[in-house]
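Residue 70 in the UniProt record's numbering sits at position 70 of the sequence shown; the count goes up by one each step and never skips. Input: a single structure, listed below in structure tokens.
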Amino acid sequence: MTPTLATLVEAQAAASPDACAVVAGGERLSYRQLNAHANRLARLLIGLGVGPEDRVALLLERSADLVVSVLGVLKSGAAYVPVEPDHPPARIRSLLAGADVAVVVTERALAATVPDGYRVVVCDDPQTRRRLDAGPGHDVTDAERSSPLRPEHPAYVIHTSGSTGAPKGVVLPHRGVLNRLTWMIERYGFSAADRFLQKTPYGFDVSVWELLAPLACGARLVVAHPGGHRDPGYLTELIETERVTVVHFVPSMLHAFVRHGSDGRPGPHRLGDLRAVFASGEALTADLRDRFFATYEAGLHNLYGPTEASIDVTAWRCDAAEGAADPPIGEPITGIRAYVLGDRLRPVPDGVAGELYLAGVGLARGYLGRPGLSAGRFVACPWGSGERMYRTGDRARRRAGGPLEYLGRTDDQVKIRGFRVEPGEIEAALAACDGVGRAAVLLREDRPGERRLVGYVTADGATAPDPAALTERLRLVLPEPLVPAAVLVLAAFPVTGNGKLDSGALPAPDFAARVGAAAPTGTREQILGRVAAEVLRLDRVGTHDDLLSLGADSIGLLEILARARRAGLVVPVGAALATPTVAGLAAAAAPADGADHDAADDVPTGPFPPTPTMRWLLDDIGGPVERFHQSLLVWVPAEACEVDLAAAVRALLDRHDALRLRLTRVGGDWRATVGAPGTGEAPDLLTRVDLAGLDEPQRAEQIARATRAAVARLDPATGAMLRAVWFDAGPREPGRLALVAHHLVVDGVSWRILRDDLPEAWRAARAGRPWRRPAGGTSFRRFAGLLAGRAARRAAELPAWTGMLRAPDPPLTRRPLDPATDTSATLRQLTRTLPAAPTGAVLGEVPALFHAGVDDVLLTAFALAVARWRARRGAAGTSVLLDLEGHGRDASSVDPGVDVAGTVGWFTSIHPVRLDPGPVGWDEVTGGGPALGDAVKRIKEQRAAVPDHGFGFGQLRYLHEESAAVLSACPRPQLGFNYLGRFGAAGDGAWQPATDGIALDGYGDPPRPLPHAVELNAITHDRPAGPELSAHWSWPAGLVDRGEVAELAGLWFEALTGLVAYGRRPDAGGLTPSDLLVSLDQSEIDRIETELRSAP
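Printed below as a string of structure tokens:
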């Protein structure tokens, strides 16, 4: 007789027919009865056309009928597919459809949950009972089946969660399960004297040995009632009453069971019949092991095994004297081989961590209906002839002497702010804190792109631990990136139907108002917490919240630092980017009036060398610059008057040195000088325009006319760099104030600083007191001097820049850009807006998939669009050369003591970058195909390879004579790209923007040459429906026509929308070499991720 799972039970029924086989509540079945009932059900199923290679779903509560049904399906030759009744209806439908079941076996109470279209056997229906009872009860033979039943045929299909969100069915043949049961019975000496508890939900593979091992050795199977597996009190009573000897727990449930057994009881004397407790499904800790042995006298065995390898593949007998280390997962069971492999499937030495691979008789066939996924996880075994091995995705190492240690999942590794983090390490640190019972750490992403580590703990006694104290304790033992953004204390951990920790049911922390969270402590943390909450528009921010995850980008961090400076604290930009938490900022903060090592050298007034960006404008672009400006329009209170507003504007002028800059040309050279406070005042610093009695169109016309007049009053030669216009709507209606500044003295960050300072200065003027903004930080003059003085240090970067610029760059337009013809007088503009839904994904989900920045995604789409646009005009190649602008304020590479977060000035950096997304078909782009992911990875790595993020290019090009001569002879990019960041939408409250953010200058001087053939300035505005990306395209009219630019604009949005679609792919995203501390190329990373993605 060919051995199968059915024949094991049949042999016991023949050997001891009258012995008790099953106890389920008040029902008792002997082996004779159990076997006969199963045979009758098998024949009923065979009559319905069921046989080997078919699948029968079981939708039943835990009962004697469940045991009969499992055996009946096995005897029919089919594989059983467990479908747990507490699943939501949609999941039940999904499982049934995905498994392509032939029949569903259920009970009357659950029959209504079976979707239409399936053949159903209701096992407790009276008519079905009569039909079954009338059938023969002897063993089913191969002659009755549709084909002979063999060990290679599937026995069951158990579903595990899939990375795509759809569960994947693992197909397990009889052969592997037979091996597993035979090993267990022989290893632990199980016999008819034993009583096994069946409590694990049958959708979990531990239930397979709980159900079949006792029946294979003549033991008694004790079935817990439905839901009983969650109740440690009930289980304790059942084990004691039925004198159970063998039981299994997942460690999370074992913890509750042990705690129940030890509460008020002088163990280890209870449950004296219990002799073997098995733990698997989660890591078994040393603490739980020790608690178990302090409570019970039974043996404790740690098992390990994935569903893909017939339940368990390694085993370890725990010992109370093992020491402080967590129990290992042991040695492979009979018929299984375990390999710990490193790079390129090479075995690693003992003690070295690697990935665990399994080979031998226990392997599953694969994943039902998913051959590609199966091929990725079940790979060729180098040490067997034609054998496969299974990639577990688990990290392990072999101790000296043989046993394996489980080290966690390879795909549990996460990256937080450039640090690779193992949540298990944080859990261990939390578990070691006083008062903590259990600990878990989860990487949450409750909103797209906002990934946070969150800790969860339960109390070890009657008193719950203090989350703030736990966080402080973690700061003592863990690096800052490993400290969770929040620690939540729970009464108990939620568990799944299988008894495992249900991470999906762990609550999300409420960062706006969470009780017991680590609130900022101390003056510095409180100041920083307040200003961070203001910038992020939250009620409050926790000490260890990752500010980037709460919505800040690098520009937002600079705004936080600027506000902190006004509150009296200075935080270096580099420190903020490295540790963007309130605690981290506070640790790096110093009083604003404290002097740094260069303070004596920082004299904010006097002459200074123009910065690289100034020289780009003045020398490279050339032409007049008088009207090169930006402006901001804000609402002002109705009670505002001209005297107070003028005083406030004068205060801004006196406080911010760059606003008093004077630019003159002596001979052929430019000279920049910052005047002393008071030197920038003028009678026309503020003008008043009366809007009372005008309708809104008339007001808009007046605002535009007066703003143009203010622009005309700017004059860098005399130091007239700031002008203001008050649009007075009368005493009962809010007015508006326009600030017009020359672009040489402001940038996007500067406007945020000025917008925040303006109301404070106005309130001080209204109160009749001087405005005292805290001093500190690096002046613009000193920053410019450092750039010039340290430019020579950049000489080693020169070959990278020349190689980038000298590579071929096909013409973008019909003729080259002509400075004599293509001036601001010919400037044309086009604005397009991307809706909120795709914009949100472009800013959040898509960059997060690649551990990338928003610019990486925007530039990938831009490069693809330009390549497509060129291809339509007959140009070959996919490489794109462009000028890229940045905020230029992270100047730590210039000098570690530089701090310009609160300094007004034009800090913008401009550098070339060559981007090549590779050949990607446009159908692939618009369809969100996999090649888009490759393109993002290429662009991300190309940008990462730019020396010091491009900061030094301007120093070499304009401030270092030798390299300037070389770089000035190189071709210039034809394209310009600038992403200005994210701005709040216009509002109607006092001091809020009356229009969307700042108004771009548009190269206002008519005769001034334009720098690029096509230029894109993109900005995100927060709207009520979500963020919207606005694209402002500009070009000279005689070089490109509007239709061509509109085409390019459309292609950019098509590419961005394609990237959003790509982000929905189950295989989207991934790491790149710059993310890793080890040396791997992209192909190696892609291969590893493909294998990991296929893991269960």
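Note that the Cβ used here is the ideal one computed from N, Cα and C, for glycine as well.
| query | Taking all protein chains shown into account, do 16 or more other C-beta atoms lie within 10 angstroms of the C-beta of glycine 165, making it buried, or fewer, making it exposed? | reply | The pLDDT assigned to glycine 165 is 36, lower than 50, so where the model puts this residue is not dependable, and the model offers no usable value.
| field | Inter-residue spacing [alpha-carbon to alpha-carbon] between leucine 476 and valine 531 | value | Leucine 476 and valine 531: Cα-Cα distance of roughly 26 Å.
| query | Taking three-plus beta-carbon pairs below 8 Å as touching, is the stretch 459 to 469 in contact with the stretch 494 to 506? | reply | Taking one beta carbon from each stretch, the stretch 459 to 469 and the stretch 494 to 506 have fewer than 3 pairs nearer than 8 Å; the two do not touch.
| field | Per-residue DSSP class, three states only, for leucine 181 | value | Three-state DSSP puts leucine 181 in a helix.
| task | Keeping to the same chain, check which residues put their C-beta closer than 6 Å to that of proline 154; ignore five residues upstream and five downstream. | result | If you ignore the 5 residues before and after proline 154, its C-beta comes within less than 6 Å of the C-beta of Ala79, Val171 and Pro173, all in its own chain and listed in chain order.
| query | So with Cβ pairs under 8 Å, would you call valine 900 a contact of chain C? | reply | Looking for chain C here will not work: only one protein chain is present.
| With contact counted as at least three CB pairs below 8 Å, one residue from each stretch, are the stretch 618 to 629 and the stretch 701 to 716 in contact? | The answer is yes - the stretch 701 to 716 touches the stretch 618 to 629, with three or more Cβ pairs under 8 Å.
| query | Run through DSSP, which three-state label would tryptophan 383 get? | reply | Reduced to three states, the DSSP call for tryptophan 383 is coil.
| field | valine 223 burial status per 10 Å Cβ neighbour count (16 or more: buried) | value | By the 10 Å Cβ count, valine 223 comes out buried.
| request: Please confirm if the stretch 384 to 403 is in contact with the stretch 343 to 361, defined as three or more CB-CB distances below 8 Å between the two stretches. | output: Three or more Cβ pairs drawn from the stretch 384 to 403 and the stretch 343 to 361 lie within less than 8 Å of each other, which places the two stretches in contact.
| message | Can you give me the C-alpha to C-alpha distance between glycine 342 and cysteine 318, rounded to a whole angstrom? | response | So the two alpha carbons sit approximately 28 Å from each other.
| said: If I follow the unbroken beta strand (DSSP E) through tyrosine 118, where does it start and stop? | reply: First-last for tyrosine 118: undefined, no H or E at that position.
| Between leucine 96 and valine 104, is the Cβ-Cβ spacing less than 8 Å? | Taking 8 Å as the Cβ cut-off, leucine 96 and valine 104 qualify as a contacting pair.
| said: According to DSSP, methionine 804 sits in a beta bridge with which residue or residues? | reply: According to the DSSP secondary-structure assignment, methionine 804 is paired through a beta bridge with no residue.
| request: Go ahead and pull the three-state DSSP assignment for serine 63. | output: Coil.
| task | Starting from the Cα of glycine 47, find the closest Cα among Trp670, Val120, Gly735 and Gly785 and give me that residue. | result | Among Trp670, Val120, Gly735 and Gly785, the Cα nearest to that of glycine 47 belongs to Val120.
| query | So, using beta-carbon positions, are glycine 616 and proline 734 closer together than 8 Å? | reply | Looking at the sequence provided, one finds tryptophan at residue 616 rather than glycine. No, the pair does not count as a contact, with Cβ atoms beyond the cut-off.
| For the putative contact between aspartate 312 and glycine 305, defined by C-beta atoms under 8 Å, what is the C-beta separation to the nearest angstrom? | In this structure, aspartate 312 and glycine 305 form a Cβ contact; the two beta carbons are roughly 4 Å apart against a cut-off of 8 Å.
| When the Cα atoms are used, what is the spatial distance from threonine 778 to serine 750? | When only Cα atoms are considered, threonine 778 and serine 750 end up about 14 Å apart.
| Same chain, Cβ closer than 6 Å to alanine 439, neighbours up to 5 away in sequence not counted | Cβ within range, chain order: Glu427, Leu430, Ala431 and Val457.
| Can you give the Cα-Cα distance for glycine 264 and tryptophan 316, rounded to whole angstroms? | Any answer about glycine 264 is weak, because its pLDDT of 43 lies below 50 and its placement is not dependable; what the coordinates show is given next. Between glycine 264 and tryptophan 316, the C-alpha separation is close to 30 Å.
| query | Quick one, are the C-beta atoms of leucine 859 and isoleucine 939 less than 8 Å apart? | reply | Yes, the pair counts as a contact, with Cβ atoms nearer than the cut-off.
| request: Can you tell me which of the three DSSP states glutamate 885 falls into? | output: Here glutamate 885 sits in strand by DSSP.
| field | DSSP beta-bridge partners of tyrosine 80 | value | In DSSP, tyrosine 80 forms a bridge with Val56 and Tyr156.
| Integer-rounded CB distance, given that alanine 42 should sit under 8 Å from lysine 75 | In this structure lysine 75 touches alanine 42 by the C-beta definition: roughly 4 Å separates them, less than 8 Å.
| message | Using 8 Å as the threshold, is the C-beta distance between proline 612 and tyrosine 958 below it? | response | Taking the C-beta atoms as reference points, tyrosine 958 is found nearer than 8 Å to proline 612.
| request: Out of Pro1009, Glu1044 and Thr839, state which residue places its alpha-carbon closest to the alpha-carbon of arginine 1023. | output: Looking from the CA of arginine 1023, the closest CA among Pro1009, Glu1044 and Thr839 belongs to Thr839.
| request: Report the residue ranges of all beta strand (DSSP E) runs contained in full by the stretch 814 to 846; include only those spanning at least 3 residues, in chain order. | output: As far as the stretch 814 to 846 is concerned, its whole beta strand (DSSP E) runs of at least 3 residues are 827 to 834.
| query | Which same chain residues, not among the five before or five after glycine 529, have their C-beta less than 6 Å away from its C-beta? | reply | For glycine 529, same chain residues with a beta-carbon under 6 Å away, outside a window of 5 residues either side, are Pro520, Val541 and Val582 in chain order.
| Nearest-angstrom Cα separation, counted from cysteine 641 out to arginine 763 | Rounded to whole angstroms, arginine 763 and cysteine 641 show a C-alpha spacing of 12 Å.
| request: With a threshold of 16 other CB atoms inside 10 Å of the CB of tryptophan 383, please say whether the residue is buried or exposed. | output: Exposed.
| field | C-alpha distance - proline 847 paired with glycine 785, whole-angstrom precision | value | Looking at the two C-alpha atoms, the distance is approximately 36 Å.
| task | Determine which residues share a DSSP beta bridge with asparagine 35 and list them. | result | DSSP lists no partner for asparagine 35.
| task | Within the same chain, show all residues whose beta-carbon is closer than 7 Å to that of arginine 32, passing over the 5 residues directly before and after it, in chain order. | result | Here the set comprises Ala13, Pro17 and Asp18.
| Exposed or buried, what is leucine 5 when buried is set at 16 or more other beta-carbons lying within 10 Å of its beta-carbon? | Flag for leucine 5 reads buried.
| Rounded distance between the beta-carbons of leucine 737 and alanine 724, thought under 8 Å | That belief holds up - the Cβ atoms of alanine 724 and leucine 737 are roughly 6 Å apart, short of 8 Å.
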